[in-house]
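Protein chains in written order, with our numbering: chain S, 23 to 356; chain P, 23 to 356; chain A, 23 to 356. Beta carbons are placed, not taken as given, at the ideal position from N, Cα and C, and that holds for glycine. Notes to accompany the following structure.
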């Protein structure tokens with residue numbers, strides 16, 4: 023494996039092999055596997071789970087890592103091409119990225135969506151530029167429209183909690199005061215589709231997932247024997263659900279228009295998930311969320327603290343899932 | 023040992039054993055003792071000594087660590103229960119803490135007092151919540167009313183500079199422009215009492231240490247054969263002192279009232295310790311302070327730079343003292 | 023070697039030996055050389071290359087490091103002596119520096135020029151104080167008027183791209199919206215002089231490098247058989263150049279006067295280097311810069327992206343050059 027940028031770059035069988043490796047490393051740790059290897063971690067945006075789990079995972083495999091956070095101890099970084107750099111950023115990715123890559127054996131990069139131009143964000147304009155500048159193993163730590171590490175951990179979680187391959191997976195929009203990126207919803211629907219599930223996206227009007235995301239997930243579903251559709255009908259969506267994956271995201275109808283987004287989410291505060299959402303679901307239906315989550319805004323305390331919730335297991339699974347990725351990218355052949 | 027949260031959780035003999043281990047690790051390093059172990063360090067508040075010495079100590083024992091600082095590279099974290107999270111914090115400790123704990127073998131957490139509600143701070147409301155969420159070895163890196171790592175290093179320092187067990191230990195209030203927490207004064211009086219010393223707290227009117235702190239120290243003193251009292255009489259307090267431990271803290275008479283605090287400390291700028299404070303003390307009386315210290319505000323240059331001062335030794339001792347704690351928490355049984 | 027503060031502290035032969043060691047460590051890594059060693063890194067100012075390459079280099083030699091950045095997770099630090107510390111900084115270097123040094127086997131410190139008092143900056147007032155407080159191996163990570171790690175990496179780069187010892191080295195001022203320090207220009211002219219090159223400093227009126235910098239470089243040149251001069255004549259300076267080293271720096275005629283500096287750089291936006299600058303240079307003349315660089319402000323895109331540019335190689339060479347320094351400072355004798 024040379025890069026880990028998108029689950030869609032891998033066949034279903036390859037993903038299953040990665041998950042098998044993750045389980046093996048949990049059962050039989052290999053604390054020397056990556057001795058002497060160095061992972062660089064570049065965070066253009068905040069992080070808790072990714073930041074902590076990659077450092078911990080690298081250490082558990084015997085390697086080391088360093089963290090760079092532009093704007094905090096490091097210069098702000100410009101990502102636009104061709105600009106006259108007379109503003110705040112003192113460094114351009116065209117220098118910063120290859121320089122960092124030259125110091126390490128693998129580089130992880132987080133670079134969120136700008137949230138202004140939907141096609142630029144869905145096209146991964148910024149991350150593609152960054153990736154073009156790296157000649158080392160590269161890991162997507164969340165880009166404008168993808169979060170493959172989260173998706174891999176989520177797949178592992180679904181396996182562990184016994185959700186069958188063909189089970190009903192509902193990705194439900196949840197309220198949030200601001201417009202959040204499409205990365206996790208895009209990664210989650212694709213992951214569930216690639217797993218072979220019946221995927222339903224439940225969201226209010228104005229928040230439909232864009233065609234590019236739906237079409238990509240449908241291609242994965244077609245190969246795996248599943249399906250993908252979206253609806254605003256809460257009852258229909260949740261009926262018989264085996265998993266509800268809650269996630270906040272931006273209004274897509276007028277993407278990038280802050281006032282329109284605020285207007286679109288007005289009156290949607292009842293999209294704060296609680297136990298009542300599970301009335302028509304299967305009795306053992308579980309709640310997923312990638313975290314961080316705003317309690318009593320996106321999900322109510324009583325639901326997060328109930329046995330339905332597997333959000334902590336999802337977060338924990340970041341560690342073994344990413345250790346498998348690091349192992350594949352960095353373990354010298356024997 | 024499962025947790026290191028408060029020296030009061032340990033008998034005097036257990037503390038002496040920890041100090042013996044600290045000395046042993048100084049003389050006979052064990053650079054492989056914690057090979058493969060990962061320490062997570064969560065700093066809700068600034069740090070220099072704790073931040074550096076825990077990373078250095080873990081490395082010297084062969085382990086690794088990662089640092090998380092909410093608000094700088096990581097989401098701000100909410101610690102109140104039951105709130106509707108529509109403000110700045112995007113993450114709640116109810117998720118953040120167990121997630122971090124799940125990535126590491128031991129977790130250290132720093133969470134200062136809010137400085138608003140005295141009984142909440144003295145009751146360690148916030149840290150108790152945090153501790154309840156961790157199922158791994160946990161270390162208190164300074165909570166609202168405690169700083170056991172500092173206390174352990176201070177005890178080691180007292181031993182090294184030859185202050186007898188029954189010597190006179192004066193904790194003296196020192197001026198500071200703002201209301202600082204009660205954590206170090208509380209930890210210092212308890213430590214000195216548990217060591218068996220004659221403990222005198224010297225402070226201006228309005229800055230008396232609360233009963234809860236004094237009573238806890240007195241219980242330790244009773245077991246160890248020492249005593250604890252407080253006074254505003256500088257001459258009486260300092261007469262015959264063998265150690266003066268300077269520390270800044272908030273006005274306690276009207277705790278949490280910023281205007282009252284500012285009013286209380288008006289006219290107290292002469293509580294900047296200098297050599298003249300040692301007129302009635304023993305000739306070899308030493309000056310202690312936990313650092314950081316505002317020079318010429320809390321303590322004068324000439325005193326800090328004189329042979330009386332052992333503040334650098336105290337700070338250095340954080341390293342071996344904490345290495346002993348890490349060793350006890352993380353070293354696999356043989 | 024006890025300290026790495028200035029290339030001028032070493033003879034030409036000693037520098038050549040360091041470069042030989044750097045090459046050896048590239049060819050034959052020694053991943054256990056510094057096992058158990060801890061490097062402390064104190065950054066008073068932002069960094070990308072230094073921050074990443076020292077951590078990576080230490081890890082590649084089997085050691086560990088920790089990073090402290092005052093003002094971000096750590097208290098702001100006061101560097102002036104004798105002040106009443108009632109402002110923002112809560113910690114003084116007189117405590118902070120020896121404390122950090124006591125936790126590690128070697129300490130690296132970055133402390134930029136204040137940019138107010140030329141003689142204080144050129145005299146390294148601040149760094150000398152810091153250095154006087156450290157009793158461990160110490161590394162200058164960029165001080166007011168020096169950047170020896172950059173200079174060593176640059177020398178290595180010159181060797182690798184085949185620039186002869188006696189070649190013509192032009193340090194050219196480049197435009198920047200703000201007054202930047204003299205550290206890199208000072209280090210670069212000295213390095214080139216010590217290497218034995220024909221060194222020409224090209225800069226507009228008002229930006230002449232101070233005598234102290236020029237004289238020091240001339241002393242090195244005298245020993246190595248080279249020469250050092252400065253001029254405002256672009257054509258004469260660039261004629262026959264084998265290397266152009268672009269760098270932004272403050273107006274020196276009225277150093278520390280912000281308005282005068284802004285006035286001095288008005289009308290100098292054409293000091294943005296492009297291919298036209300190389301008209302009279304040798305065909306194989308290369309472009310160097312220490313990075314970060316503001317594209318299309320200091321250097322045009324087309325030049326940075328052309329084969330002339332070796333800026334990425336310079337940045338990469340920080341890693342092996344610094345590994346040689348760490349090795350010399352920390353490797354136990356055998």
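I'd like the list of long-range same chain contacts for residue i, defined as Cβ closer than 8 Å, with 5 residues on each side in sequence excluded.
| i | result |
| --- | --- |
| residue 251 of chain P | 221, 222, 223 |
| residue 295 of chain A | 194, 196, 266, 268, 309, 320, 321, 322, 325 |
| residue 173 of chain S | 29, 209, 210, 212, 213 |
| residue 43 of chain P | 346, 349, 350 |
| residue 237 of chain A | none |
When the Cα atoms are used, what is the spatial distance from residue i to residue j?
| i | j | result |
| --- | --- | --- |
| residue 97 of chain P | residue 279 of chain A | 39 Å |
| residue 231 of chain P | residue 99 of chain S | 49 Å |
| residue 78 of chain P | residue 53 of chain P | 12 Å |
| residue 51 of chain P | residue 26 of chain A | 27 Å |
| residue 140 of chain S | residue 132 of chain S | 18 Å |
| residue 344 of chain P | residue 127 of chain P | 16 Å |
| residue 163 of chain A | residue 72 of chain A | 7 Å |
| residue 276 of chain P | residue 48 of chain P | 44 Å |
| residue 45 of chain P | residue 342 of chain P | 7 Å |
| residue 67 of chain S | residue 165 of chain S | 10 Å |
| residue 264 of chain P | residue 307 of chain P | 4 Å |
| residue 59 of chain P | residue 64 of chain A | 25 Å |
| residue 198 of chain P | residue 136 of chain P | 18 Å |
| residue 176 of chain S | residue 39 of chain S | 15 Å |
With DSSP as the reference, label residue i as helix, strand or coil.
| i | result |
| --- | --- |
| residue 293 of chain A | coil |
| residue 324 of chain A | helix |
| residue 156 of chain A | coil |
| residue 66 of chain P | coil |
| residue 32 of chain P | coil |
| residue 310 of chain S | strand |
| residue 277 of chain A | coil |
| residue 25 of chain A | strand |
| residue 72 of chain S | helix |
| residue 132 of chain A | strand |
| residue 331 of chain S | strand |
| residue 317 of chain S | strand |
| residue 79 of chain S | helix |
| residue 147 of chain P | helix |
| residue 177 of chain S | helix |
| residue 45 of chain P | helix |
| residue 271 of chain S | coil |
| residue 204 of chain A | coil |
In the DSSP output, which residue or residues are listed as bridge partners for residue i?
| i | result |
| --- | --- |
| residue 165 of chain P | P/168 |
| residue 190 of chain P | P/220 |
| residue 252 of chain A | A/223 |
| residue 89 of chain P | P/63 |
| residue 114 of chain S | S/100 |
| residue 265 of chain P | P/191, P/308 |
Within the same chain, show all residues whose beta-carbon is closer than 7 Å to that of residue i, passing over the 5 residues directly before and after it, in chain order.
| i | result |
| --- | --- |
| residue 239 of chain A | 211, 212, 215, 221, 250 |
| residue 314 of chain A | 70 |
Applying a beta-carbon distance threshold of less than 8 Å, which residues of chain A neighbour residue i?
| i | result |
| --- | --- |
| residue 108 of chain S | 199, 316, 319 |
| residue 298 of chain P | Going along chain A, no residue has its Cβ under 8 Å from residue 298 of chain P, so there is no contact; the nearest lies around 18 Å. |
Among residues of its own chain, excluding the 5 on either side of residue i, which ones have a beta-carbon nearer than 6 Å to its beta-carbon?
| i | result |
| --- | --- |
| residue 335 of chain S | 179 |
| residue 300 of chain A | 307 |
For a contact meaning CB atoms closer than 7 Å, what does residue i contact in chain S?
| i | result |
| --- | --- |
| residue 112 of chain P | 314, 316 |
Taking Cβ-Cβ distances shorter than 9 Å, what residues in chain A pair up with residue i?
| i | result |
| --- | --- |
| residue 350 of chain P | Per Cβ cutoff of 9 Å: no residues; residue 350 of chain P is ~20 Å from chain A at best. |
| residue 33 of chain P | Result: empty, since nearest Cβ-Cβ is about 29 Å, beyond 9 Å. |
Run down chain P in chain order and give the residues with a C-beta less than 7 Å from the C-beta of residue i.
| i | result |
| --- | --- |
| residue 77 of chain S | 88 |
Give the interface partners of residue i over in chain P, defined as CB-CB distance under 8 Å, in chain order.
| i | result |
| --- | --- |
| residue 36 of chain A | Those do not exist, as residue 36 of chain A stays about 30 Å from chain P at its closest Cβ, beyond 8 Å. |
| residue 122 of chain A | 70, 74 |
So with CB distances below 9 Å, who are the chain P contacts of residue i?
| i | result |
| --- | --- |
| residue 91 of chain S | 94, 95 |
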